[in-house]
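Respectively, the protein sequence lines represent chains A and B.
All residue numbers for the first sequence refer to the working numbering, where the first residue is 595 and numbers rise by one.
All residue numbers for the second sequence refer to the working numbering, where the first residue is 193 and numbers rise by one.
All C-beta atoms, glycine included, are put in the ideal place defined by N, C-alpha and C.
Being a predicted model, the structure only gives us computed values, none of them experimental.
Each remark here refers to the structure printed beneath this line.
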Amino acid sequence: MHPETRSPSLKTILLATGLILTLAMGVRHGFGFWLQPISQANHWTRETYSLAMALQNLMWGAFGPFAGIAADRYGTARVAIFGALLYAAGLLWMSHVAQPMLFVIGSGVLIGGALSCTAFGAMSGIIGRTAPESKRSWAFGISGAASSFGQFALMPIEQQLIGTAGWQGAFLILAALVALVMIPMALFLREPKAVRSGPQQSLPEAIREAFGHKPFLLLLAGYFVCGFQLVFIGVHMPAYLKDRGVTDPGVAVMALALIGLFNIFGSYLAGRLGGRLPKRYLLSSIYLARATAIALFLIAPLSPASVYVFAAAMGLLWLSTVPLTNGVIAGIFGVRYLSMLSGFVFFSHQVGSFLGVWLGGFLYTRQGNYNTVWMITIALGVFAALVNLPINEKPIVRAQTAPA
Amino acid sequence: MPVLLKRCLWYVALAAVLALSFAAYLRPAFMLDLANRILLCA
Chain A
595 MHPETRSPSL
605 KTILLATGLI
615 LTLAMGVRHG
625 FGFWLQPISQ
635 ANHWTRETYS
645 LAMALQNLMW
655 GAFGPFAGIA
665 ADRYGTARVA
675 IFGALLYAAG
685 LLWMSHVAQP
695 MLFVIGSGVL
705 IGGALSCTAF
715 GAMSGIIGRT
725 APESKRSWAF
735 GISGAASSFG
745 QFALMPIEQQ
755 LIGTAGWQGA
765 FLILAALVAL
775 VMIPMALFLR
785 EPKAVRSGPQ
795 QSLPEAIREA
805 FGHKPFLLLL
815 AGYFVCGFQL
825 VFIGVHMPAY
835 LKDRGVTDPG
845 VAVMALALIG
855 LFNIFGSYLA
865 GRLGGRLPKR
875 YLLSSIYLAR
885 ATAIALFLIA
895 PLSPASVYVF
905 AAAMGLLWLS
915 TVPLTNGVIA
925 GIFGVRYLSM
935 LSGFVFFSHQ
945 VGSFLGVWLG
955 GFLYTRQGNY
965 NTVWMITIAL
975 GVFAALVNLP
985 INEKPIVRAQ
995 TAPA
Chain B
193 MPVLLKRCLW
203 YVALAAVLAL
213 SFAAYLRPAF
223 MLDLANRILL
233 CA
């Protein structure tokens, strides 16, 4: 790939990363629709496919820092192309491999790796470098909204695809779509080397600096809570509603649609507000608002209306932490290693996600209800609101290094 | 094209896409499929 001599414009970057993010986040969001047909066709229990999904999420988090390092060092374009190829390969793998362990490991590694190369963490570096500081948070908001839009819009499309082309055909069509859209879009993400090089700081120095800086650790803690809350609610909410007597699954479907729709507005709004107000206060408010919304939802009499109001409120707060968290990182550490640092905080998010979904099931099995996990979710929200408050958003002051 | 008109058209297009996507969730076939999935998880 020939290096670019001119930086791409912000509009180009937002459009190209927006399309990549829409597909990256959207395609994986609909994977649940394959659970039944793929398990039936391959004579699996539900556990096999669920394990593959869990592994994908863990691998996404684990590969995140490495994809970030690659994006910061070799350029977002190369990493996005590699990610698109992995994505297409993962979808082809899922359509053809019937041996359970091969399916789990292959799809986990391929799709997890693909997501780490094409989702927000890997894209954040180039967005942060291209947008002027005054527009950076807004630009992150646009990208967050694109990710949210993908999750919202692609679910019905994927369901329709399975209905018309069959589950294997749907995988093949999506593989082609991913390759045909992501790779050309990635070509717009070529940056001149000078833009990527930035201030003189080695990779180990950047990692040591971040992990030795208290605000970064506080962001890691906050993002862990974000993952815990969202995945617990996303996965266990339908079961909770059923337990509490809301037996009409249409209510849960409508709740999912509302979360998806309001998530788009929430992500954009958070990014926009992040350019005007201190991000730490916005993050703190989001976590506190989540804790309050959950507490009110549990206290209020349960009805379809209360579920819809809760879903809309949680939708607004769903991915709104993403542009703000990445904005704080860019503000403190600069944009040179932004993708890598985003990868590290996202790993913390994914560990939280894993614990949220697992602890929900674990405690439910032992106690027969979700009361304790809901309490933990509220307490974690208050904790995250408190840890975000003291974050110092000022750029870190580095000692001048002598030129080599 | 005046900037204001262009912006309005953008908003209308965006609103139309979001409304269509939301309507897709309300299709009976989709509702049934997602509801089955939810029941399976529950």
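So, at 7 Å on beta carbons, what are the nonlocal neighbours of A:Phe-941 in its own chain, with the 5 sequence-adjacent residues on each side left out?
Gly-655, Ala-656, Gly-658 and Pro-659
With burial defined as no fewer than 16 other Cβ atoms inside 10 Å of the residue's Cβ, what is the status of B:Phe-222: buried or exposed?
buried
Under a three-way DSSP split, which group does B:Lys-198 fall into?
helix
Can you name, in chain order, every residue of its own chain whose Cβ lies under 6 Å from the Cβ of A:Ala-708, other than the five neighbours on each side?
Gly-677, Leu-680, Tyr-681 and Gly-684
Between the CA atoms of A:Ala-978 and A:Leu-892 - distance to the nearest angstrom:
20 Å
Report the three-state DSSP secondary structure of A:Leu-686 (helix, strand or coil).
helix
Would you call the segment 772-787 of chain A and the segment 632-645 of chain A in contact, with 3 or more CB pairs under 8 Å?
no
Do the segment 850-862 of chain A and the segment 735-745 of chain A meet, that is, are 3 or more Cβ pairs less than 8 Å apart?
yes
Nearest neighbour of A:Met-831, chosen from A:Leu-882, A:Tyr-958 and A:Val-703 [CA to CA]
A:Tyr-958
Report the residues of the segment 207-231 of chain B with a CB closer than 8 Å to any CB of chain A, ordered along the chain.
Val-209, Leu-210, Ser-213, Phe-214, Ala-216, Tyr-217, Leu-218, Arg-219, Ala-221, Phe-222, Met-223, Asp-225, Leu-226, Ala-227, Asn-228, Arg-229, Ile-230 and Leu-231
Contact belief for A:Ala-849 with A:Tyr-902 at Cβ below 8 Å, rounded distance in angstroms
6 Å
Against chain B, which members of the segment 732-755 of chain A pass a CB distance test of less than 7 Å?
Phe-746, Ala-747, Pro-750 and Gln-753
Quick one, which residues of the segment 948-964 of chain A are near chain B if we go by CB-CB under 7 Å, in chain order?
none
Could you tell me how far apart the beta carbons of A:Leu-748 and A:Val-621 are, in whole angstroms, since I believe they sit closer than 8 Å?
6 Å
Let's see if you can read the secondary structure: which residues bound the alpha helix (DSSP H) around A:Asp-842?
From DSSP, A:Asp-842 is part of no alpha helix (DSSP H); its letter is neither H nor E.
At 8 Å on the CB atoms, spell out the chain B contacts of A:Ala-851, in chain order.
Phe-214, Tyr-217 and Leu-218
Check each candidate in A:Ala-665, A:Pro-798 and A:Gly-869 and name the one with the smallest Cα separation from A:Ala-780.
A:Ala-665
A:Leu-855 (DSSP reduced to helix, strand or coil)
helix
Report yes if the CB atom of A:Gly-869 is closer than 8 Å to the CB atom of A:Ser-731, and no otherwise.
yes
Contact list for A:Val-903 against chain B, beta-carbon separation under 8 Å
Correct list: empty, because the minimum Cβ distance to chain B is about 17 Å.
Cutoff 8 Å: A:Val-929 Cβ touching any chain B Cβ:
no
Tell me which residue opens and which closes the alpha helix (DSSP H) that A:Met-647 is part of.
640-668
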